[in-house]
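Visitor:
Number of protein chains: 2
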Amino acid sequence: MYNKKDMTAPGIGYQDLRLMQGYPPPREKQVAQHNWDSPPYNRWSFQHMSQLFPVAAIHRSPGPVTELERNERSLDDVRFQRVDGGQTDLATFLTDSYTDGFLVLHQGKVVSEQYFNGMQPHTLHLLQSVSKTVVGSLVGRLIGQGRIDPQARVSHYVPELSASGYGDARVQDLLDMRTGVRFREDYTDPDAEFIQLDIASGWRERGELKSPDSIYGLLKSLSKDREHGQFFEYRSVDTDVLAWVCERACGERLPVLLSREIWSRLGAEQDANITLDCVGTALADGGMSATLRDLGRFAQMYLQGGRFNGQQIVPEEFVRACGRGSTPAFEVLYGFYVKHFPDAAYSNQCWVLDSEQGTYSARGVFGQSIYWDPASEVAIVKLSSWPDFINAEWTLNTFRACAAVVEELQRS
Amino acid sequence: MYNKKDMTAPGIGYQDLRLMQGYPPPREKQVAQHNWDSPPYNRWSFQHMSQLFPVAAIHRSPGPVTELERNERSLDDVRFQRVDGGQTDLATFLTDSYTDGFLVLHQGKVVSEQYFNGMQPHTLHLLQSVSKTVVGSLVGRLIGQGRIDPQARVSHYVPELSASGYGDARVQDLLDMRTGVRFREDYTDPDAEFIQLDIASGWRERGELKSPDSIYGLLKSLSKDREHGQFFEYRSVDTDVLAWVCERACGERLPVLLSREIWSRLGAEQDANITLDCVGTALADGGMSATLRDLGRFAQMYLQGGRFNGQQIVPEEFVRACGRGSTPAFEVLYGFYVKHFPDAAYSNQCWVLDSEQGTYSARGVFGQSIYWDPASEVAIVKLSSWPDFINAEWTLNTFRACAAVVEELQRS
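What follows is the structure, encoded as structure tokens:
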């Protein structure tokens, strides 16, 4: 729990905190590269990524916006039990969990759309690793077009990676994060490879550390710990390799591909964007920012088996497979998770919550998530600026909140 | 003239040059902060500013786009005499002068809309000092609302500038660039204050130079050379002071003000953006990027005396004054200019070409311009990536091309 007087207390937005307010803002209220992902500065930065980092636009199409029908009602009083045993209601939970945007779609209609902490309908919010699911959707589409073979080796598309640990990994290993590459996804250990990725992508100042200065430079430097295709281990770099495969398979940059193949087809309202490293490579594993409603369109497309806006955007089989996956391969390292979700898995850049129901989610650090329950026709997007990278309790509470909303919508 | 085999030869776009092409691009084809405004790298960078610098969006409104009616015809064969005495036609001139986008509006309809060098209708192109005219339009609107008094002193709005050379300047002095502040607008002299502005804005690497690290820090450091209100001297910083006045008069940041007061009212197609310094201050004097067509909407608004999209966006008197101004105050330092345009002047952040006709222009280095001829109902936008900061011959040739187009449209 956070002290209510603390700068990082929930319910205190960046405007209350005076972050980046004033002309110019005083030094102690400035957000810059050295503090942007620390609390409370991330309350401002996640909505202002282009003001901190180089970004490329992921253009919407010049065509019409796909309007979302509305059937709004208050869900504030929906109650559920937190993992600590206490009861709460949705309104309290959204404030307590540093929500910036919250969207519920039921049968394709907006039931609830709420903004906090200065976020507005046109605000682009950092997706963190929800970006992986969007990149996954692109891979799915390119597989459907025959431009990528999920059984082909990475070196087939990216010869530069032949000598690295990735050379003989299959595309499907990347999609399911079952490569055998050594990469410790530890957000706080300065010796973990993740820190090198953070530096290579331009998200963290280098300081005294020696590490590759670009994302692709880092990928080339990684070696293998074990054979590919064994168990699941969450590693952001697998998605960055997927992006390189897409670029090479199509001969175009990732932001251009995401625009043409996905974003423009959704009838998105706004251009999205994605942060770039020093040579212009997009941070595929976490650098996208998008509006809440455009994420709702993406979520609805997945809920509908890849179909949206009058077209099949991602092949149905690829999307359905996002809700399935190998639990044995998952529980090797993630046993604690299986206690809460007995047939949890990871598949096609999505976290499987319930293989039987086909319920799955996209997730990003600091509280980003999309939750899909195809059987109940409910999709829920939550964008946040938690004070912590990861917080298992809050993640589980978020899913409990989603389940409670589904139950409420089923009932009425 | 440039050697046709030269990397900087006209008609060779950034894709031909392979700038930033490849995944990743080879080192010698990378565009970054150290080379972005040198030829030929500026052929790429002017269309990709968000990929190089922090930017804030200038949002369009969520409302409908103001469609531009079309009445297209080829103007390729329109001929005119260059200042060197030779004859050319428009098509040749556009290629020879490194054009990226070219738009002609006549009676509010698009007569010609052309893209070069990889530019597309949704591409945001750097406006350089055409940004000043857009900021000027905001000041005009705020004057109309009574929120800014053109006769008030700068220190009334920005007390931090009281002790600087700007303290006792009037807002109108800023609008007409008739302040007495010492600021040498020399783009190539490393000792000129302009270099300090370039560093303060984040556009140039600091190197060994000591200078203020933010735009507002620089403004505070400037002193007076002479009394305000005398003759015209082109100085970018005057516009940056105007922006600070706007922010203080309204209590909001420049990108928010430009969005709400100007961009959203135009019915723009795309968000524009503007580069930011290290504390988030927008570079008002030259940091905006916008699409060709949205500049066309802005141009048409000025052509129509500030009225567009069913509303008076900028007061008519303010816009009309853009085409007038004091020639005596102008020719003190700019006599060479008056040889070509006998009653040239500078007024309300516009270059007056012909006070009698009310013909005026917005101009930016490296070949950015808007040309208005209200009497003939013609507005012309040209966005370029010249290899030179300034080139008097090309500037004059651009205006000759515009005059020839006007004549052609009048005839037919």
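Here the protein sequences come in this chain order: U and Z. Quick note: the first sequence uses UniProt numbering, first residue 1, plus one each step. Quick note: the second sequence uses UniProt numbering, first residue 1, plus one each step. Quick reminder that beta carbons are idealized off the backbone N, C-alpha and C, glycines included.
(1) How far does the alpha helix (DSSP H) with Z/Ile215 in it extend, from its first residue to its last?
(2) To be precise: take each residue of the region 203-228 of chain Z, compare its Cβ to all Cβ atoms of chain U, and keep it if any distance is under 9 Å. Which residues remain?
(3) With 8 Å set as the bound, which would you pick, yes or no: does the beta-carbon of U/Glu247 sit closer than that to a beta-carbon of chain Z?
(4) Are there three or more Cβ pairs, one per stretch, closer than 8 Å when the region 390-402 of chain U is compared with the region 69-87 of chain U?
(5) What does Z/Thr281 touch in chain U if you count any residue whose Cβ is under 8 Å from its own?
(6) Straight-line CA distance for U/Ala200 to U/Pro212?
(7) Which of the three DSSP states is assigned to Z/Thr123 in this structure?
(8) Taking the beta carbon of residue 417 of chain Z as the centre, do at least 16 other beta carbons fall within 10 Å, making it buried, or is it exposed?
(9) Where does U/Gly11 sit, in a helix, a strand or coil, going by DSSP?
(10) Within 8 Å of any Cβ in chain Z, is that where the Cβ of U/Leu266 sits?
(11) So which residues of chain U does Z/Met20 contact, with C-beta pairs closer than 7 Å?
(12) Alpha carbon to alpha carbon, what distance is there between Z/Phe308 and Z/Val134?
(13) Considering only the beta carbon of each residue, do U/Asn42 and U/Phe366 sit closer than 8 Å?
(14) So, is U/Thr239 buried or exposed, given that buried needs 16 or more other C-beta atoms within 10 angstroms?
(15) Using three-state DSSP, classify Z/Gly306 as helix, strand or coil.
(16) Bridge partners of Z/Met49, per DSSP?
(17) Starting from the beta carbon of Z/Pro121, find every residue of chain U whose beta carbon is closer than 9 Å, and list them in chain order.
(18) What distance in whole Å lies between the Cβ atoms of U/Thr281 and U/Tyr216, which are believed to be in contact at a cut-off of 8 Å?
(19) Flag Z/Pro10 as yes if its beta-carbon sits less than 8 Å from any beta-carbon of chain U, otherwise no.
(20) Give me the chain Z residues within the contact set of U/Pro54, using Cβ-Cβ distance strictly less than 8 Å, ordered along the chain.
(21) Going by beta carbon distance, what residues of the same chain come within less than 8 Å of U/Cys250, once the five residues before and after it are set aside?
(22) U/Thr327 and U/Ala299: beta carbons closer than 8 Å?
(23) Quick one: list the residues of chain U neighbouring Z/Ala272, beta-carbon separation under 8 Å, in chain order.
(24) So U/Gly287 is in the beta strand (DSSP E); what residue range does that whole segment cover?
(25) According to DSSP, is Z/Lys109 part of a helix, a strand, or is it coil?
(26) Evaluate the contact criterion for the region 120-129 of chain Z versus the region 92-99 of chain Z: three or more CB pairs, one atom per stretch, below 8 Å.
(27) In the DSSP assignment, find the alpha helix (DSSP H) that holds Z/Val134 and state where it starts and stops.
(28) CB U/Tyr346 to CB U/Leu353, shorter than 8 Å?
(29) So is U/Pro64 buried or exposed if we call it buried at 16+ other beta carbons inside 10 Å?
(30) Please look up how many angstroms separate the CB atoms of U/Pro315 and U/Gly325, rounded, as I've assumed it's under 8 Å.
(31) Our contact map puts Z/Tyr269 next to Z/Ser236 with C-beta atoms below 8 Å; I'd like the distance itself, whole angstroms only.
(32) Over the uninterrupted beta strand (DSSP E) stretch that includes Z/Gly364, give me the two end residues.
(33) Can you tell me which residues form a DSSP beta bridge with Z/Thr99?
(34) At 8 Å on the CB atoms, spell out the chain Z contacts of U/Leu276, in chain order.
(35) Given a limit of 9 Å on CB to CB distance, which residues of the region 27-38 of chain Z reach chain U?
(36) At what residue ranges does the region 253-299 of chain U contain a whole run of the alpha helix (DSSP H), taking only runs of 4 or more?
Guide: Considering the structure as presented:
(1) As a first step, residue 215 of chain Z must be located in the second sequence, where it is residue number 215. 215-221 is the span of the alpha helix (DSSP H), which, as asked, contains Z/Ile215.
(2) The region 203-228 of chain Z vs chain U, Cβ under 9 Å: Ser214, Ile215, Tyr216, Gly217.
(3) Looking up residue 247 of chain U in the first sequence gives position 247. So, interface residue.
(4) yes
(5) As a first step, residue 281 of chain Z must be located in the second sequence, where it is residue number 281. Neighbours of Z/Thr281 on chain U, chain order: Tyr23, Pro24.
(6) Indexing the first sequence from 1 puts residue 200 of chain U at position 200. Indexing the first sequence from 1 puts residue 212 of chain U at position 212. The straight-line gap from Cα to Cα measures roughly 6 Å.
(7) The sequence position of residue 123 of chain Z within the second sequence is 123, counting from 1. Of the three classes helix, strand and coil, the one that applies to Z/Thr123 here is coil, per DSSP.
(8) Absent from the model: residue 417 of chain Z. The displayed extent of chain Z is 1 to 412, so no value can be given.
(9) By 1-based counting over the first sequence, the position of residue 11 of chain U is 11. U/Gly11 falls in the coil class under three-state DSSP.
(10) As a working mapping, residue 266 of chain U is identified with position 266 in the first sequence. No, because no Cβ of chain Z sits closer than 8 Å to the Cβ of U/Leu266.
(11) Taking the first residue of the second sequence as 1, we reach residue 20 of chain Z at position 20. What Z/Met20 touches in chain U, judged by beta-carbon distance under 7 Å, is Gly280, going in chain order.
(12) Taking the second sequence and counting its residues from 1, one reaches residue 134 of chain Z at position 134. Taking the second sequence and counting its residues from 1, one reaches residue 308 of chain Z at position 308. Straight-line Cα distance between these residues: approximately 15 Å.
(13) In the first sequence, counting from the first residue as 1, residue 42 of chain U sits at position 42. In the first sequence, counting from the first residue as 1, residue 366 of chain U sits at position 366. Cβ atoms of U/Asn42 and U/Phe366: closer than 8 Å.
(14) Here residue 239 of chain U refers to the residue found at position 239 when the first sequence is read from its first residue. The residue in question, U/Thr239, is buried, as its Cβ has 16 or more Cβ neighbours within 10 Å.
(15) As a working mapping, residue 306 of chain Z is identified with position 306 in the second sequence. Z/Gly306: coil per DSSP, three-state reduction.
(16) To locate residue 49 of chain Z, count along the second sequence from 1; it is residue 49. None; Z/Met49 has no bridge partner.
(17) The residue given as residue 121 of chain Z occupies position 121 in the second sequence. Going along chain U in sequence order, the residues near Z/Pro121 (Cβ under 9 Å) are Pro62.
(18) One-based indexing of the first sequence puts residue 216 of chain U at position 216. One-based indexing of the first sequence puts residue 281 of chain U at position 281. That belief holds up - the Cβ atoms of U/Tyr216 and U/Thr281 are roughly 6 Å apart, short of 8 Å.
(19) Numbered from 1 along the second sequence, position 10 holds the residue referred to as residue 10 of chain Z. Z/Pro10 does not count as touching chain U.
(20) For this step, residue 54 of chain U is matched to residue 54 along the first sequence. Under the 8 Å cutoff, chain Z gives Ser50, Gln51, Leu52, Phe53, Pro54.
(21) As a first step, residue 250 of chain U is located in the first sequence; it is residue number 250 there, counting from the start. Around U/Cys250: Leu142, Arg147, Leu257.
(22) Mapped onto the first sequence, residue 327 of chain U falls at position 327. Mapped onto the first sequence, residue 299 of chain U falls at position 299. Contact: no.
(23) Start at 1 with the first residue of the second sequence, and residue 272 of chain Z comes out as number 272. Within chain U, no residue comes near Z/Ala272; the closest Cβ sits about 12 Å away, beyond 8 Å.
(24) For this step, residue 287 of chain U is matched to residue 287 along the first sequence. Element bounds for U/Gly287: n/a, residue is neither H nor E.
(25) As a working note, residue 109 of chain Z is residue 109 in the second sequence. The answer is strand: DSSP assigns Z/Lys109 an E or B state.
(26) no
(27) The residue labelled residue 134 of chain Z in the question sits at position 134 within the second sequence. 130-144 is the span of the alpha helix (DSSP H), which, as asked, contains Z/Val134.
(28) By one-based count along the first sequence, residue 346 of chain U stands at place 346. By one-based count along the first sequence, residue 353 of chain U stands at place 353. Their beta carbons are not under 8 Å apart, which means U/Tyr346 does not touch U/Leu353 by this criterion.
(29) Within the first sequence, the letter at position 64 stands for residue 64 of chain U. Looking at its Cβ environment, which holds fewer than 16 other Cβ atoms inside 10 Å, U/Pro64 is exposed.
(30) As a working mapping, residue 315 of chain U is identified with position 315 in the first sequence. As a working mapping, residue 325 of chain U is identified with position 325 in the first sequence. Not a contact, Cβ separation roughly 17 Å.
(31) The sequence position of residue 269 of chain Z within the second sequence is 269, counting from 1. The sequence position of residue 236 of chain Z within the second sequence is 236, counting from 1. Contrary to the premise, residue 269 of chain Z reads as Glu rather than Tyr in this sequence. Wrong, their Cβ atoms sit about 28 Å apart, outside the cutoff.
(32) Sequence index remark: in the second sequence, residue 364 of chain Z carries index 364 (1-based). Run containing Z/Gly364: 359-364, per the beta strand (DSSP E) assignment.
(33) One-based indexing of the second sequence puts residue 99 of chain Z at position 99. Z/Ser384, per the DSSP bridge assignment.
(34) As a first step, residue 276 of chain U is located in the first sequence; it is residue number 276 there, counting from the start. By Cβ distance, chain Z contributes Gln51.
(35) Shown in chain order are the members of the region 27-38 of chain Z whose Cβ falls below 9 Å from a Cβ of chain U: Arg27, Gln30, Val31, Ala32.
(36) At a cut-off of 4 residues, the continuous stretches assigned as alpha helix (DSSP H) that sit fully inside the region 253-299 of chain U are 254-257.
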